[in-house]
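Remarks on the structure that follows.
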Amino acid sequence: MKVTLLRHDPQKGYTKKPLISLIANLIVLKSNNPDDPGATARRADVAYVRPPEVSFFGSIWATLFSGIKSCAGLGTAQKQASDAATTEKEQAKGMKKAERKAKREEKKIKRQQRQDEKKNE
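Under this note's numbering, the first residue of the sequence shown is numbered 78, with each subsequent residue one higher.
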């Protein structure tokens, strides 16, 4: 499977975005199903509850699209992996923030001690 991403220009119509298309085709999408010869094919179990305000054809499209995303490698497994990476980044950010706060508190205490020593002299 290959995709070509387009940019809409009112004067020229649609123009290709070659760099982003290349990245999407090389990194994001999985072109073979299955990836290795002899392996089992990727499959998707889709459960979709149709909201009352969505049309019948809209619900069919949503169901098909979620299955296609899973088989192309853009499904929940990849989302969970990216969420895990985001969680790790957030944890690292929180640790750095706590370390900076602790250093500020130490500096504040030392500054207060120096001021107290000057007052006592």
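Heads up, the beta-carbon is just placed ideally off N, CA and C, and yes, glycines get one too.
A straight-line Cα-Cα distance of about 15 Å links residue 197 and residue 187. If you draw a straight line from the Cα of residue 121 to the Cα of residue 147, it comes to about 6 Å. In the structure shown, residue 86 adopts extended strand secondary structure according to DSSP, grouped into three states.
Check the Cα spacing between residue 99 and each of 90, 81, 115: the tightest is with 81.
Under DSSP, residue 92 takes part in a beta bridge, and its partners are 84.
Residue state for residue 140 is assigned as helix, using DSSP reduced to three classes. Residue 194 sits in a helix when the DSSP states are folded into three classes.
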